[in-house]
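J.: Every position in the sequence shown, counted from 1, becomes a number in our numbering once 16 is added. Using N, Cα and C, we set each Cβ at its ideal position, and we do this for glycine too.
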Amino acid sequence: MAKVSKLAIIVVAFWAALVLWVFIVTQDLTLLFLGLFMVIILYLIPLMMGKMNRSAFQKLAEEYRGKAIKKKIRDLSLSDVGEVIIIEGSIERRSLLWLSRPRYLVSEGGSSVTAIALFSPLDEIKIGDRVRILGTVSRSLIKPGEITITVFEIEKIN
Numbered sequence: 017m018a019k020v021s022k023l024a025i026i027v028v029a030f031w032a033a034l035v036l037w038v039f040i041v042t043q044d045l046t047l048l049f050l051g052l053f054m055v056i057i058l059y060l061i062p063l064m065m066g067k068m069n070r071s072a073f074q075k076l077a078e079e080y081r082g083k084a085i086k087k088k089i090r091d092l093s094l095s096d097v098g099e100v101i102i103i104e105g106s107i108e109r110r111s112l113l114w115l116s117r118p119r120y121l122v123s124e125g126g127s128s129v130t131a132i133a134l135f136s137p138l139d140e141i142k143i144g145d146r147v148r149i150l151g152t153v154s155r156s157l158i159k160p161g162e163i164t165i166t167v168f169e170i171e172k173i174n
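#1: Hey, how far is the Cα of E78 from the Cα of A29?
#2: Using the rule of at least 16 other Cβ atoms within 10 Å of the residue's Cβ for burial, across every protein chain shown, is I173 buried or exposed?
#3: Suppose you measure from the CA of T164 to the CA of T42; what does that come to, to the nearest Å?
#4: Tell me the residue span of the beta strand (DSSP E) that contains F168.
#5: Buried or exposed: V129, going by 16 or more other Cβ atoms within 10 Å of its Cβ?
#6: I need the straight-line Cα distance from R155 to R90, nearest angstrom please.
#7: Among the residues of its own chain, which have a CB less than 6 Å from the CB of K86, if the five just before and after it don't count?
#8: Pairs of beta-carbons, one from the stretch 98–118 and one from the stretch 36–53, closer than 8 Å: are there three or more?
#9: Please classify S136: is it buried, with 16 or more other beta-carbons within 10 angstroms of its beta-carbon, or exposed?
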């Protein structure tokens, strides 16, 4: 099941409260029904987008799982850009969870790399968890000269 970001929930709650307030002030049922319909659509759009993202990345994971090369984080370099890889490591930091686009700092043996998921994982990934990531190596858009991993699949391991 796809998850809706906290930001989307806040936006939906704001507009639902506004629709309710307008109904209380005007007592117009047409505005209430139209407003509630729009609030439902406002909730369904990010829900469906999340489901489509998850589905697309699951298909990529299935397609590339057998072709992926297992690598150590310390061995990754700019020459690996475009390669589909599998890495394992521990989560040191996580961010952008509220947007349902989590970014993880994954470390292993003193080396680290940023992994960016364009979907919310089904399991909650916490700091300190050991994970296996299937994804592609990309150039960092924020820090030139660094690499990131675009996540196709992330799973906890023991």
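T.: On the basis of the supplied data:
#1: 37 Å
#2: exposed
#3: 53 Å
#4: I163 to I173
#5: buried
#6: 16 Å
#7: I102
#8: no
#9: buried
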